[in-house]
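Some notes on the structure that comes next.
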Amino acid sequence: MTVDTGTDTRPPASRAAGNHGLIRVRGARENNLKDVSVDIPKHHLTVFTGVSGSGKSSLVFDTIAAESQRLINETYSAFIQGFMPTLARPEVEVLEGLTTAILVDQQPMGAHARSTVGTATDAGALLRILFSRLAKPYIGTQKAFAFNVASADASGVLVVNGKRIEKGFSVVGGMCLRCEGMGTVTDIDPAQLYDDSKSLAGGAVTVPGWKPDGWVVQSFTESGFLDPAKPIRDYTDQETHDFLHRDPVKIKVKGINTTYEGLLARVRKSFLSKDKETLQPHIRAFVERAVTFAPCPECHGTRLSETTRSAKIDGVSIADACAMQISDLADWVRGLRDPSVVSLVSVLLGTLDSFVEMGLGYLSLDRSSSTLSGGEAQRTKMVRHLGSALTDVTYVFDEPTVGLHPHDIRRMNDLLLRLRDKGNTVLVVEHKPETILIADHVVDLGPRAGTEGGEVVFQGTVDALRASATLTGRHLDDRARVKPSVRRRTGVLEVRGANSHNLRDVDVDIPLGVLTVVTGVAGSGKSSLIQGSVAGRDGVVTVDQSPIKGSRRSNPATYTGMLDAIRKTFAKANGVKPALFSPNSEGACPACKGAGVIYTDLAIMAGAATTCEDCAGKRFQEEVLAYRLGGRDISEVFAMPVAEAAEFFRAGPARTPSACAVLDRLAEVGLGYLSLGQPLTTLSGGERQRLKLAGHMAGTGSVYILDEPTSGLHLADVEQLLALLDRLVDAGKSVVVVEHHQAVMAHADWIIDLGPGAGHDGGKVVFEGTPSELVAARSTLTGEHLAEYVEG
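Under the UniProt record's numbering, the sequence shown has 427 at position 427, and the numbering climbs by one with no breaks.
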């Protein structure tokens with residue numbers, strides 16, 4: 001394809017700088033890229049555009065950023081590299097001019113329950129130093145204000161939950177010892193852990209994965225404290241105590257030294273030290289059955305000891321400060337005038353003000369990082385980089401505007417430009433026109449998705465893009481019209497006295513039988529209203545962007561259930577068992593166990609995956625690949641995009657109607673470019689949501705709730721989404737969409753706008769009515785931006 005370069009391919013500064021001012025890519029072939037060659041100007045803001053699946057992420061993340069990371073790893077000593085996987089060089093002929101790449105993505109932050117907004121940024125550490133210097137009474141250094149550091153007495157003895165732990169040295173920390181700094185205490189129902197009518201040898205322990213012949217259960221049966229053949233209900237008081245509560249003690253199991261401890265302590269260490277949301281589905285279900293969580297009665301959920309909470313600055317403890325809305329905390333810190341902390345206050349304020357600038361002023365430092373949305377997590381990561389002294393770094397962003405109201409996008413744009421102006425190269429994968437318009441340079445990929453994409457169809461200035469014939473150029477200045485007439489409601493869902501999080505006793509009627517859009521700035525209370533008061537009712541189906549529970553092996557074929565039908569068709573055509581055609585069963589490659597890649601856990605660093613050498617990433621044993629259907633083997637079917645697979649299974653020897661029905665729904669929600677075997681862990685939030693929606697479309701739900709369904713959608717695909725929402729409503733469904741995109745607002749039958757601001761400045765319904773009424777009133781931030789959009 002001929003690349004449309006408009007009138008200019010690079011900003012003048014880059015041309016003058018020569019090759020030293022460029023990141024040069026030649027012959028990139030990662031995923032669907034087709035020998036892509038492109039020059040990216042350094043020290044500029046370059047935005048990568050194109051429909052979902054066009055190859056943007058393959059170029060930016062899987063080629064440029066991946067090679068930067070590989071080269072950085074090679075600078076480590078041979079000893080360190082011995083503990084790391086050998087990262088494969090991306091499929092690219094030439095990559096020149098790379099600098100250190102820092103990825104700021106939407107992946108969840110912190111898998112541990114101890115991770116908070118404060119610990120994930122410098123704000124928590126700076127606040128602890130501040131309190132260690134100014135708080136009265138003086139209780140120690142900053143460790144005395146850390147909920148992750150426990151305290152030992154002068155003799156070096158640490159007591160946690162009534163147990164003495166010999167430390168051998170003195171530690172003074174701020175941890176609440178009752179909850180061990182977690183903020184919550186747990187009660188475990190023993191009845192969920194074992195069947196007292198059985199013996200240990202007979203399978204009494206019912207904890208998932210703990211089998212009678214497994215190592216954990218063997219530590220009980222061979223401990224010498226318990227009779228493995230005796231039903232647990234017949235235990236003596238001493239045996240019951242040893243079984244459930246015995247303190248750790250050294251024993252031997254099959255001649256190997258190990259530690260025995262009571263079942264309750266074992267379960268706490270194995271399952272409760274991890275964030276519940278990160279557990280696999282069956283483990284999470286077990287934890288939810290067996291464990292109840294409640295705020296710690298001693299620290300009241302603050303995670304901090306009474307001594308730590310007693311040290312205050314002007315009557316404010318560090319627990320009080322961490323619980324403040326960050327915008328309020330910034331005002332409080334700004335009022336501190338002690339000359340001994342002037343420089344410290346300045347640095348802390350810079351961090352806190354960065355939160356506010358990014359539209360995150362409604363968060364608090366004690367907020368668990370696992371509860372942040374993908375967009376909130378990405379913007380929180382940005383806080384760490386805005387104050388960095390590093391320059392000449394390549395920052396890589398994945399849709400930084402996701403989850404942002406138009407009012408907040410302007411502030412995000414300012415922050416991207418600030419990073420550029422510090423002497424950095426900023427690469428942004430983005431769909432929002434507001435961010436595309438501030439780019440120094442644009443690289444547009446396409447022309448379509450999957451096998452129909454993977455080419456650079458344009459590179460140049462925004463003005464040249466606008467004049468080009470590419471899909472992005474044609475839709476860059478799209479504007480929507482407010483619907484001249486709207487549907488009439490058929491009823492209402494009543495919400496009365498909603499007060500979860502920042503909501504202020506909200507009363508609102510959500511109309512049925514129409515398309516309702518709930519909007520407002522980030523943190524205004526939209527999710528609190530819908531998730532807290534509407535989701536969970538009978539007939540209500542919630543389709544959000546949360547990670548799909550399952551392993552790295554999960555993919556669209558397994559998630560939707562269509563793989564069962566495909567396996568049976570393959571088996572019937574070849575006269576063999578269906579299990580051979582599952583990468584999770586008999587046909588799996590034994591080396592990678594059907595994953596196609598070998599995963600290496602790097603502990604505190606991000607793990608890495610390398611293609612399995614035995615099966616070359618195909619997932620199946622070689623003999624399984626000899627069986628064919630319609631001229632294709634099962635690995636080739638896994639590699640098919642949804643749209644191609646739908647045609648493949650529609651007729652001929654591969655005809656599988658049940659699979660076609662699922663594939664057609666996936667195409668209808670705009671996922672025709674996904675391959676059947678793409679790991680679900682690689683999908684964006686918007687793609688996960690549309691995959692879930694496809695699964696629910698054949699269901700019986702009457703009310704559909706969608707959370708920002710335009711996330712990850714190209715400008716040209718929004719129209720297709722609106723048509724899909726219309727089809728749902730016309731089929732008798734009620735659709736409620738939490739959304740910021742003005743085209744969706746303009747298309748709504750009814751709008752509920754929350755605000756007026758975020759956090760404690762929000763939590764109210766500031767408008768209810770039709771889009772035309774909102775535009776006419778211009779009484780809210782949303783109304784002002786919608787009016788500009790439809791009138792612009």
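Beta carbons: idealized from backbone N, C-alpha and C, even for Gly.
Predicted model only: the values in this text are computed from it and were never measured.
Assuming residue i contacts residue j under a Cβ cut-off of 8 Å, what Cβ separation, rounded to an integer in Å, is found between them?
| i | j | result |
| --- | --- | --- |
| D707 | V738 | 5 Å |
| H431 | L713 | 6 Å |
| C299 | G183 | 7 Å |
| V456 | V51 | Contact doesn't hold; Cβ gap of about 14 Å is too wide. |
| F620 | G587 | 5 Å |
| P709 | Y673 | The pair is not a contact, with the Cβ atoms about 17 Å apart (cut-off 8 Å). |
| A290 | L193 | 6 Å |
| R487 | G453 | In fact, because the Cβ distance is near 36 Å, the residues do not count as touching under 8 Å. |
| I705 | V540 | 6 Å |
| H760 | T519 | Wrong, their Cβ atoms sit about 19 Å apart, outside the cutoff. |
| residue 796 | F243 | Nothing about residue 796 can be read from this structure; the chain reaches only from 1 to 792. |
| E376 | L360 | 7 Å |
Using the Cα positions of residue i and residue j, report the straight-line distance between them to the nearest angstrom.
| i | j | result |
| --- | --- | --- |
| S349 | V703 | In the sequence as displayed, the identity of residue 349 is Leu instead of Ser. Using only the alpha carbons, I get a separation of about 45 Å. |
| R367 | I129 | 20 Å |
| P85 | R70 | 10 Å |
| F107 | H241 | First, the amino acid is wrong: residue 107 is Gln here, not Phe. Those two C-alpha atoms are separated by around 43 Å. |
| M605 | F83 | Caution is warranted here: a pLDDT of 48 is assigned to M605, below 50, making its placement in the model unreliable, and no coordinate value can be reported. |
| L754 | M382 | 26 Å |
| I326 | Q742 | 28 Å |
| F169 | S270 | Here the model assigns F169 a pLDDT of 46, short of 50, so the residue's position is not dependable, and the following value carries that caveat. Computed Cα separation, rounded: 27 Å. |
| E668 | S373 | 26 Å |
| E399 | S585 | 37 Å |
| A17 | R553 | In this predicted model, A17 has a pLDDT of only 40, less than 50, meaning its place in the structure is not dependable; the value taken from the coordinates is given anyway. Whole-angstrom Cα-Cα distance: 46 Å. |
| V287 | L786 | 45 Å |
| L304 | C589 | 50 Å |
| R26 | S57 | 16 Å |
| G783 | A449 | 34 Å |
| G262 | T351 | 45 Å |
| T461 | V47 | 10 Å |
| L419 | A616 | 40 Å |
| T656 | D564 | 11 Å |
| F145 | C179 | 16 Å |
| Y789 | E768 | 19 Å |
| D237 | P137 | 47 Å |
| V429 | R628 | 39 Å |
| G670 | E306 | 54 Å |
| L529 | V506 | 8 Å |
| R665 | T99 | 43 Å |
| G21 | S346 | 35 Å |
| F397 | R379 | 10 Å |
If you compare alpha carbons, which of the options is closest to residue i?
| i | options | result |
| --- | --- | --- |
| F147 | E647, G301 and G712 | G301 |
| N257 | S585, A101, E222 and G473 | E222 |
| R133 | H245, I318 and A150 | I318 |
| G575 | V624, Y559 and I530 | V624 |
| P41 | V333, T700, T394 and T558 | T394 |
| V92 | E67, T100, I251 and T49 | E67 |
| E613 | G594, Y627 and V729 | G594 |
| A28 | V396, G55 and L177 | G55 |
| T259 | P190, D234 and S219 | S219 |
| D392 | L416, A377, T401 and T425 | T425 |
| G701 | L725, G732 and R688 | G732 |
Sort out for me which residues DSSP pairs residue i with in a bridge.
| i | result |
| --- | --- |
| S734 | V703 |
| E768 | I752 |
| G460 | V442 |
| V426 | L45 and Y395 |
| S675 | P641 |
| N257 | K252 |
| A609 | Y599 |
| G491 | L512 |
Next item on the list: Kindly confirm or deny that the stretch 73-84 and the stretch 44-63 touch, where touching means at least three C-beta pairs closer than 8 Å.
Entry: no
Notebook entry, point to check: Can we say the stretch 391-410 touches the stretch 114-122, given the rule of at least three CB pairs closer than 8 Å?
Noted result: no
Notebook entry, point to check: Are the stretch 529-536 and the stretch 659-672 in contact at 8 Å, needing three or more beta carbon pairs?
Noted result: no
Next item on the list: May I ask you to verify whether the stretch 691-710 touches the stretch 472-489, counting CB pairs closer than 8 Å and requiring at least 3?
Entry: no
Notebook entry, point to check: Between the stretch 715-730 and the stretch 495-510, are three or more C-beta pairs nearer than 8 Å?
Noted result: no
Item checked: the stretch 520-532 / the stretch 756-770 touching (three or more Cβ pairs under 8 Å) -> yes
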